[in-house]
Amino acid sequence: MSSPKMKLVLVSTPIGAIGSGRGGGVELTLSSLSKGLLSMGHDVTLVVPEGSVFPDGSAGNNLQFVSGIDQPSWQHLQNDAPVVIPSDGVLPKLWEQALELGKSADALINFGYDWLPLWLTTRVQPRIFHLISMGAVSRVMSSLIEELARTSPGRLAFHSHRQASDFSLVDEPVVVGNGFDLSQYQLGLETGGPLGWAGRVAPEKGLEDAVAVAAALNDRLLVWGVIEDKSYASQIEASVPDGTIEWRGFLPTAEFQSELGKCRAFLNTPKWNEAYGNVVVEAMACGVPVVAYDRGGPGELIESGRTGWLVPSNDVQALIKATTSIAKIDRRICRRWVEDSASHHVFARKVVKWLQSDIGIDTPEVFQESKQV
Ligand code: UDP
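First residue of the sequence shown? That's 105 in my numbering, and the numbers climb one at a time after it.
Written out as structure tokens, the structure reads:
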């Protein structure tokens, strides 16, 4: 039996326009989910900062642009920082628009890791659901997430169990993973390429450890992503021989995946409890095995010995050793794992199940399975 079609409003992150790279993995999550929901026949409206650009076919026809000043990311504030909303900020404007649209929608899905939409949840008529995109990085945010988990647990979902474990939750969390439009990623079977690393270049991403691996192996490390912290990037570059790092910039998915797929291994070295790790799955979608720290989302995504290698956090020697064993991994298995576990179709189905189980839409597939989607 097919599930009823819903009218859904997806509300973007306020920290950067879609396509800018400033929104990190949330940008791709929003467009993948939108595409997956549209393909299931749901009615999707996106509320996004002005200047947002979407990959083909992922935004449908209902796009609402909102102008205003970007919101600062909680990730770069002190743990005890207060809530700040800039004058003429885009965050309240996104929500003004979303609440209006929400009057005739089944649900609003929030992609921003922000205080305002969480606070609104129990105080307004439209149903607001939150796809939490980071672990615990701020006291005021954690306490609001934990309060909502007590009063309205069905309104929260997380990307991984390890991310959810950062918070004190009463009930078993809803974990939906993430999803990727696999028609955008080509499987590459070449095994002799360079090493790769991708992400925002910022201290929590631990680029220095991946660079140390490349230097130890006398190899080249291709680096993709927005440089958020320029002095951090220069320090890393100065610590290794010239030519070790090849800065490739922030590329649209089509070019990013085409370069990524030529790598023989992808390194993922976070220093924080990464909520998911989009780039890990994108590498596997291109058939590139991943060597990563066994921490956060990547620790749940990689099957050590099958799709890559997991090593203890911060152990650079173990990273080096694992990287030299990368030829033991079959690139086709990496791709197959993503097809089975993290396509945008799989992701959209999990999200629909989460929404419908809270709204109380009575479909057999919702009620036969446990809360953990
Ligand atoms: N990315 C990209 N082009 C690049 C490098 C990265 O589009 O050249 C995207 C990548 O597709 C991923 C995001 O940047 O969606 C990084 O997300 P991730 O979940 O790895 O980390 P976050 O930035 O959210 O902490």
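Built from N, CA and C at the ideal position, the CB exists for glycine as well.
Just to check, is the beta-carbon of residue i closer than 6 angstroms to a non-hydrogen atom of the ligand UDP?
i	result
R259	no
R304	yes
L181	no
L212	no
W328	yes
F360	yes
F354	yes
N382	yes
G128	yes
L195	no
L132	yes
Helix or strand or just coil, what does DSSP make of residue i?
i	result
G127	coil
W351	strand
L212	strand
Q421	helix
N382	helix
V330	coil
I430	helix
I232	strand
G401	coil
L112	strand
L371	strand
P196	helix
S474	Per-residue confidence for S474 stands at a pLDDT of 37, beneath the threshold of 50, marking its modelled position as unreliable; the derived number appears in the next sentence. Three-state result, S474: coil.
Q168	strand
W441	helix
I463	helix
L414	strand
L150	strand
L187	Note that residue 187 corresponds to Val in the displayed sequence, not to Leu. Here V187 sits in coil by DSSP.
S447	strand
V244	helix
I406	coil
A337	helix
V396	The identity of residue 396 in the sequence shown is Ala, whereas the question assumes Val. Three-state result, A396: strand.
I249	helix
Assuming residue i and residue j are in contact, meaning their beta carbons sit under 8 angstroms apart, how far apart are those beta carbons, in whole angstroms?
i	j	result
L224	E250	Rounded, the Cβ-Cβ distance is 17 angstroms, inconsistent with contact.
L321	I424	7 angstroms
K478	S162	Limits of the chain in this structure are 105 at one end and 477 at the other, which puts residue 478 out of reach.
L134	I122	6 angstroms
F233	L205	Incorrect: roughly 14 angstroms between the Cβ atoms, too far for contact.
R77	N377	Since the first and last residues shown for the chain are 105 and 477, residue 77 lies out of range.
V151	Q175	Actually they do not touch by this definition, with Cβ atoms about 14 angstroms apart.
L311	V305	6 angstroms
S191	Y217	With 8 angstroms as the limit, S191 and Y217 do not qualify as a contact, their Cβ atoms being about 21 angstroms apart.
R231	I463	7 angstroms
L114	F215	7 angstroms
A389	R439	6 angstroms
G401	I433	Actually they do not touch by this definition, with Cβ atoms about 19 angstroms apart.
When the cut-off is 7 angstroms and only beta carbons count, does residue i lie next to chain D?
i	result
A209	Reference to chain D is not applicable here, since this structure consists of a single protein chain.
- Task: Identify every run of the beta strand (DSSP E) within the region 260-329, keeping only runs that are complete inside it and at least 3 residues long; order them along the chain.
- Result: Counting only runs that start and end inside the region 260-329, the beta strand (DSSP E) elements of at least 3 residues fall at 260-262, 299-302, 325-328.
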